[in-house]
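Enquirer: The listed protein sequences correspond, in order, to chains F and E. If you're matching positions, the first sequence starts at 12 in our numbering and goes up one per residue. If you're matching positions, the second sequence starts at 10 in our numbering and goes up one per residue. C-beta atoms are modelled at their ideal positions from N, C-alpha and C, and glycine is treated no differently. Quick one: structure below, then a few questions.
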Amino acid sequence: MDTVDHHIPVTVLTGFLGSGKTTVLNHLLRQPELNGVVAIINEFGEVALDHLLVEGSEDRLALLDNGCICCSVREDLIEALADLAARRTAGTIPPFHRVLVETTGLADPVPVLHTLMTAPGIVGRYRIDGVVATVDAVNGARTLDAHPEATRQIAVADRLLVTKTDLASADVPARLDALLAAINPVAVRHHVRNGIVDPAKVLDAGLFDPSARSADVVRWFEAASQAANAPHEHAHHCEGEHCDHHGHHAHDQGISSYSLIIDEPIQRDAFARWLDYVAALKGEDLLRFKAIVNVAEQPDAPLVVHGVQHVFHPPIMLDGWPSADRRSRLVFIVRGIPRQIIENTLCKFAAVSRASIQRSAA
Amino acid sequence: MQMHKSFADAVFRNGRIYTSNRKQPWATYAAVKAGRFVAVGGERDVAPLIGEGTAIVDLGGRMAMPGIVDIHNHIMMGGQADLYELRFASSDSIPRIAETLHKAASAAAPGAWIVGGQFGNNLLNELNTAESFALLDAACLGHPVVLRDDSYHNRWASSAALRLAGVKADSPNPTDGEIGRDLRTGTLTGVMIEAASGLVERALAASGHYTAEMDRAAVARSISVLNTYGVTAFIDAASMQPIMAALKGLDDRGELTAWAVCAMPVVEPGFMFGKAGEELFALREEYRGAHVKPDYVKVFLDGVPGAKTAAFHEPYVADPVRGCCFRGATMLTVPDLIRWLGRCEKLGLAAKIHCAGDAAVTQALDAIDVVRSFNGPTHLIHQIAHASYIAPDDVPRFAELGVAADLSPIIWYPTIFLEAHKAAMGDERAQRFWPNKDLKNAGALMAGGSDWPVIPIPDPWQGIEGMVTRQNPTGDFPGKSLWAEQALDLATVIDIYTIDAARAAGLDQTIGSIEIGKSADLIVLDQMIFDIPPDQLADTRVEMTFFEGRKVHERT
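This is the structure in structure tokens:
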């Protein structure tokens, strides 16, 4: 297997209207770490670029003084990415090693992810690095109440940036945290003031990078499976009526998360068949699926699988297991798929024995 | 028992009314208002509902029962064949067919298509020769001719028809089909197997041979034929747009005299052409009517045993073309079928899955098992159509998975079909056909159907007798039985043709039994079927058929 990854990682930055996404973007575009990054943004007008511009050769493409290539896309993302790759090869733009895509506030990030996972000409050149969602500490809870799109953005995210924490009263971030934990306990949460965020916390989630250290990946899965199975934080931190309302609301939209730890190695073909069935029958409600699998046929190389709805990324094989713990871990963020169905079907179609499934986090 | 204080529109009295309702199997009186039964029982239950305007139908002690449900037919074809096509018997020899055709060709307008049927599919090998083709071409006098076989999956076409269809000696076989060629000379024989039939049928459809008015007339004709046999509900097993348009057109005109459930093909079948799948499903509300229910889809998983296109676990008898170990194949993979079923369940559509071979049955059950495991219980009842060759291990799965067995066509006794099956897979295997009793014992929901025009006459009484006797009621194959242990008792068979079929068609709240609140679909018989020897069941004549309380057939 080719261990050098030629795919350009793509980070998707999403967040509802007013969630502080543009402020975060404005901050990021000024950071030296953005050298060699292409930032595909919605509109030049929204971000204050003027004094950063080195060169604005066309109205949709600009080189900033920190080496970031800024690009606005109104048409097709596929075309834009293909075009960028072609220009990079032709040498008409400086080489870049990473892409940051801003989605519109109302957008469902899932189609963007599907594009990156399936579009011809894109799949071979780019890979998903991660989804980062901004959510506003002051209005976030209300937004999530009112807009299912916002909930979806949170549900598919790998990282959450809780913005405007400086403006919120002391208890609000805690309540929002609880709500976010109910929707997506797996995503890492960072609090952000004035849009100031360390680029490392946005870029390079690294989970689906074939060259990632397997220890990091396994550590992520350990933490994620613990988080997914932990009782929601609001049970501990907040007793208020208001909070309960939000906690239940997340459940009303039917979004939940859980993880399974499987002790015994899993047969590759049976597992692939099960994935096929899940995609065909439950794809619409499988918002995010990530798994590290101990494959019976290849016990020394953990397989990392990741899916967004019915689309699965080609599995990535890691170099080796970092410790003696070689249990498979499956992490789900779903809308209304009972855990019982996942367990039953794994037993029935993926040749997993029921005794090997652990229900609580280790 | 009674429901309304106001008077009934009609009352049936003095009958021996078998209700198909377990709680009240027999009644002597039934009252109807606004097309629904409002009282069922004895004189006392009904008398208060008789007013001045109430029509009285005196049954004179005759037997009545619920209207029969035909779980599987092709509602346009029978009428089309009756009105517009050349008919000959499936037992006719090739010279006999040629003779019939020659007469028709002599009378036909210049250049006109001649459409006919049905030849026995046991003739396919004999037809697939240069000699037989020469006989056909000589008889058709240059007309484009397409003749269908009794399975409706295969065709025999003249040179002119092949020319219009663009079929040449070197044309490649279509996927899932075969263009017949003489084994020695390699020249065309006019035989078109499975999907190859489509090449000729498409050319026929493109010629404008049939119009919308002709379609409506054909469907109306078919339904009036069904009514004469006591059928008041059916599933059309491959509903393309022209069929649904004809049904809806009749319903809107108040001329539809049966409940029509439509099974829309997920892909274009080999014998009908036009929109299928999602494109067709999207139109279904346009065709929904008071009595037209486009709530099923049709999936073809394999072909037919006689043509060796059905998928079996064990190989067919060896032949020069397919070699020693040919088992047939399914047209969809299990994952594909799962995707379709998942999609259909999302749309609220149940599936009727054509499975002629036991391997196809297994695959369909496997796919449904996966869907049930992920989706949980459903009110939708999927059907395995032609549940006839079934591996013993699969028999209990029908009940376990809530799958209905569509028993069609009416060939659960010795027939010419069975002879073709014997040739294809040997006597012993061929005769393990229609394990009806095993299915019943395993608790399967079963429904009777004709598959008309695969069977030339959609007479359920032949089916009813045959299910009880397992012997051919027409007198063909005298003294012979097909797997006699699989015979069923009459009460069970009547359920299979009424309430159980209604359940399988998703209409058991509306039809299938004579019960208060249900559609007043009632038939009057010329004999008390529970009092006669079973071999007389097929002689039963339907004296009158009522659809929603309205008389739609009376025997003259």
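1. Expressed to the nearest angstrom, what Euclidean distance is found between the alpha-carbon atoms of residue 368/E and residue 339/E?
2. Residue 451/E: beta carbon under 7 Å from a heavy atom of the ligand SAM?
3. Run down chain E in chain order and give the residues with a C-beta less than 7 Å from the C-beta of residue 292/F.
4. Hey, how far is the Cα of residue 529/E from the Cα of residue 516/E?
5. Once DSSP output is grouped into helix, strand and coil, what is the label at residue 256/F?
6. Can you find at least 3 beta carbon pairs, one from the region 480-487 of chain E and one from the region 450-463 of chain E, that sit closer than 8 Å?
7. Answer with buried or exposed for residue 351/F, where buried requires no fewer than 16 other C-beta atoms within 10 angstroms of its C-beta.
8. What are the start and end residues of the alpha helix (DSSP H) that includes residue 340/E?
9. Mind checking the region 402-416 of chain E against chain F and listing, in chain order, the residues whose C-beta falls within less than 9 Å of any C-beta there?
10. List the residues of chain E whose Cβ lies closer than 7 Å to the Cβ of residue 288/F, in chain order.
11. List, from N- to C-terminal side, the beta strand (DSSP E) runs of 3 residues or more that fit wholly inside the region 158-202 of chain F.
12. Whose CA, out of 286/E, 186/E, 255/E and 327/E, lies closest to the CA of residue 204/E?
13. Quick one: what does DSSP say residue 77/F is sitting in, helix, strand or coil?
14. If you run the structure through DSSP and keep just helix, strand and coil, what is residue 346/F?
15. Give me the Cα-Cα distance between residue 269/E and residue 224/E, rounded to the nearest whole angstrom.
16. Answer yes if the region 349-366 of chain E comes into contact with the region 269-278 of chain F, meaning at least three C-beta pairs across the two stretches below 8 Å, and no otherwise.
17. Below 9 Å between beta carbons is the criterion; list the residues of the region 118-137 of chain F that meet it against any residue of chain E, in chain order.
18. Going by DSSP, what residues sit across from residue 46/E in a beta bridge?
19. If I'm right that residue 267/E touches residue 243/E with Cβ under 8 Å, what's the distance once you round it to whole angstroms?
20. Using the Cβ count rule (16 or more neighbours within 10 Å means buried), how would you classify residue 20/F?
21. Just to make sure I have the definition right: I need the residues of chain E whose C-beta is within less than 8 Å of the C-beta of residue 360/F. Which are they?
22. If I measure Cβ to Cβ from residue 360/F and keep anything under 8 Å in the same chain, skipping five residues before and after, which residues do I get?
23. From residue 47/E to residue 17/E, what distance separates their C-alpha atoms?
24. First and last residue of the beta strand (DSSP E) that includes residue 413/E?
25. Let me know the secondary structure DSSP gives residue 367/F once reduced to three states.
26. Quick one: which chain E residues come within Cβ less than 7 Å of residue 207/F?
27. Alpha carbon to alpha carbon, how far is residue 28/E from residue 257/E? Give it in angstroms, no decimals.
28. Is the shortest distance between the beta-carbon of residue 13/F and the beta-carbons of chain E less than 8 Å?
29. Would a C-beta distance cut-off of 8 Å place residue 182/F and residue 22/F closer than the cut-off?
30. Going by DSSP, what residues sit across from residue 449/E in a beta bridge?
31. Tell me which residues share the same chain as residue 212/F and place their Cβ nearer than 6 Å to its Cβ, disregarding the 5 neighbours each side in the sequence.
32. Cα-Cα, which of 157/F, 208/F, 166/F and 159/F is closest to residue 345/F?
33. Would you tell me roughly how many angstroms separate the C-alpha atoms of residue 184/F and residue 314/F, rounded to the nearest one?
34. Rounded to a whole number of angstroms, what is the C-alpha to C-alpha distance between residue 566/E and residue 118/F?
35. Pick out whichever of 252/E, 127/E, 42/E and 131/E has its Cα sitting closest to the Cα of residue 85/E.
36. At a CB distance below 8 Å, what residues from the region 342-353 of chain F approach chain E? Give them in sequence order.
Expert: From the atom records:
1. Rounded to whole angstroms, residue 368/E and residue 339/E show a C-alpha spacing of 8 Å.
2. The ligand SAM is not among the ligands present in this structure, which contains no ligands whatsoever.
3. For residue 292/F, the neighbours in chain E by C-beta distance under 7 Å run, in chain order, 347, 351, 380, 383 and 384.
4. The straight-line gap from Cα to Cα measures roughly 14 Å.
5. For residue 256/F, the pLDDT reaches just 38, beneath the cut-off of 50, and the residue's location in the model is therefore unreliable, leaving the point undetermined.
6. In short, these stretches do not touch, since the Cβ pair count stays below three.
7. Under this definition residue 351/F is an exposed residue.
8. Per DSSP, residue 340/E lies in no alpha helix (DSSP H) and is assigned neither H nor E.
9. Correct list: empty, as no residue qualifies.
10. Around residue 288/F, the beta-carbon contacts reaching into chain E at under 7 Å are 347, 379 and 383.
11. If one requires a minimum length of 3 residues, the beta strand (DSSP E) runs lying completely within the region 158-202 of chain F are 170-174 and 199-202, in chain order.
12. The shortest Cα separation from residue 204/E among 286/E, 186/E, 255/E and 327/E belongs to 186/E.
13. Note: residue 77/F maps to coil in three-state DSSP.
14. Three-state result, residue 346/F: strand.
15. Cα to Cα, residue 269/E sits roughly 15 Å from residue 224/E.
16. The region 269-278 of chain F vs the region 349-366 of chain E: no contact.
17. Hits within the stretch: zero.
18. According to DSSP, which records beta bridges pairwise, residue 46/E is partnered with 41/E.
19. The C-beta distance from residue 267/E to residue 243/E rounds to 6 Å, short enough to meet the 8 Å contact threshold.
20. The residue in question, residue 20/F, is buried, as its Cβ has 16 or more Cβ neighbours within 10 Å.
21. Neighbourhood of residue 360/F in chain E, by CB distance below 8 Å: 379 and 382, in chain order.
22. The answer, listed in chain order, is 281, 284, 285 and 288.
23. Pairing residue 47/E with residue 17/E, the inter-Cα distance amounts to about 8 Å.
24. Run containing residue 413/E: 413-416, per the beta strand (DSSP E) assignment.
25. In the structure shown, residue 367/F sits in a helix (DSSP, three-state: H, G or I).
26. Correct list: empty, because the minimum Cβ distance to chain E is about 45 Å.
27. Taking the Cα positions, residue 257/E is about 29 Å away from residue 28/E.
28. Bear in mind that the predicted position of residue 13/F carries a pLDDT of just 43, short of 50, making it unreliable; the figure below should be weighed with that in mind. Output row for residue 13/F: interface = no.
29. No, these two residues do not count as a Cβ contact at 8 Å.
30. DSSP lists no partner for residue 449/E.
31. Here the set comprises 201.
32. Here the closest residue by C-alpha is 166/F.
33. Between the C-alpha atoms of residue 184/F and residue 314/F there is a straight-line separation of about 36 Å.
34. Limits of chain E in this structure are 10 at one end and 565 at the other, which puts residue 566/E out of reach.
35. Per the Cα distances, 252/E.
36. Those would be 352, in chain order.
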